[in-house]
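Residue numbers (the working numbering): 981 to 1350.
Structure follows, in structure tokens:
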């Protein structure tokens, strides 16, 4: 059992280790000295039927209980079963079980299980080598292999997880098949979904949904305020429109959803300029592509910001002439809401004004994507 505790304490380091071949051998436990129907222990070996070599098929009670195995109930301040518990193991402080355990294991501070089937819960730390069912903890849950649910308030760590990893803080998984839900989700190989404030993945087959998404490769979709994806979009557009004579923007994101940030000059020989941010969808069609995006732009004259906001809805079509060169054209619908003293029109043409200082107009744009 000391080797088990050391291995569980180091389970988080497995995230950086190469995958194992998944092979394992589970040997049959040695037979107990005797089987008793009940036991009461003050400490291991001290009490009635309190020997660590005895198996309890019934109820074990006490302060510090240690048995060969338990079938039934083990209830104590701290409890230990060398070769598993079939039933329930509950302790005020620490509960430890080796071998295969089925049913419930719970403790006020720490639970440790070698192979747990059922529910493992702890007030501080829940640790398991392999777990089938639910692992829950108020602070942290750690396991080498989980099939089911791993839920914790602050930290969830699993080498391999098939199911759901949910936390109010940080999730770590080397191989995940299922879903990560948390403020910060980190997965080396993800097949499923990462949903959180920040999602970081190595190779993601599925979806990322968050404020910030980062991945080396995504075969699926990343949706967020900003997505930095190795095999996603990393483009620079230079274009012109009726709203500004020259605009440059940067597009980054997944293969289909992107974030754009741009700036441009309203008119030549003018100190008016614009700065904007938006989100859009990219649809490849052979060597051509279609895009639609929505963006919001602010105006300034020199260092003075003009009160108001310019909203733009664009639809564009482009052709990939080269890996890094694609001319494009498109249509737009524009709206301006401000004080009426200025509007974002490079051509000086009239818009459709309202008395509140709002304007709408259609537009054209054309440019080159690099």
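In this text, a Cβ means the ideal position worked out from N, Cα and C, and glycines have one as well. The structure displayed is predicted, hence computed values, not measured ones.
| Check | Outcome |
| --- | --- |
| In three-state terms, what does DSSP make of residue 1134? | coil |
| By Cβ distance below 8 angstroms, which residues in the same chain neighbour residue 1182 in space, the five residues on each side in sequence not counted? | 1167, 1168, 1169, 1170, 1195, 1196, 1197 |
| Could you please give me the residues that DSSP links to residue 1102 through a beta bridge? | 1087, 1117 |
| Is it buried or exposed, residue 1244, if we count other Cβ atoms within 10 angstroms and call 16 or more buried? | buried |
| Please go through the same chain and pick out, in chain order, the residues whose beta-carbon is closer than 7 angstroms to the beta-carbon of residue 1002, but skip the five residues on each side of it. | Here the model assigns residue 1002 a pLDDT of 40, short of 50, so the residue's position is not dependable, and the following value carries that caveat. The answer is none, since no qualifying residue turns up. |
| Just list the residues that DSSP pairs residue 1162 with in beta bridges. | 1176 |
| Under 7 angstroms, do residue 1131 and residue 1153 count as touching if we go by C-beta distance? | no |
| Quick one: Cα of residue 1258 to Cα of residue 1120, how far? | 38 angstroms |
| Around the C-beta of residue 1008, are 16 or more other C-beta atoms found within 10 angstroms, so that it is buried, or is it exposed? | exposed |
| From residue 1146 to residue 1140, what does the alpha carbon distance come to, in whole angstroms? | 14 angstroms |
| With C-beta atoms as the reference, is residue 1093 less than 7 angstroms away from residue 1071? | no |
| Could you give the distance in angstroms between the alpha-carbon of residue 1263 and the alpha-carbon of residue 1249? | 37 angstroms |
| Buried or exposed, going by whether 16 or more other CB atoms sit within 10 Å of the CB of residue 1273? | buried |
| At the level of alpha carbons, what is the spacing between residue 1048 and residue 1142? | 31 angstroms |
| Secondary structure at residue 1139, three-state DSSP: helix, strand or coil? | strand |
| Please look up how many angstroms separate the CB atoms of residue 1044 and residue 1024, rounded, as I've assumed it's under 8 angstroms. | 6 angstroms |
| In terms of residue numbering, what span does the beta strand (DSSP E) encompassing residue 1061 cover? | 1049 to 1061 |
| Does the beta-carbon of residue 1151 have 16 or more other beta-carbons within 10 angstroms, so that it is buried, or is it exposed? | buried |
| Taking only heavy atoms of the ligand NAP into account, decide whether any of them is closer than 6 angstroms to the Cβ of residue 1104. | Among the components modelled here there is no ligand, and therefore nothing to report on the ligand NAP. |
| May I have the straight-line CA-CA distance separating residue 1034 from residue 1112, to the nearest angstrom? | 27 angstroms |
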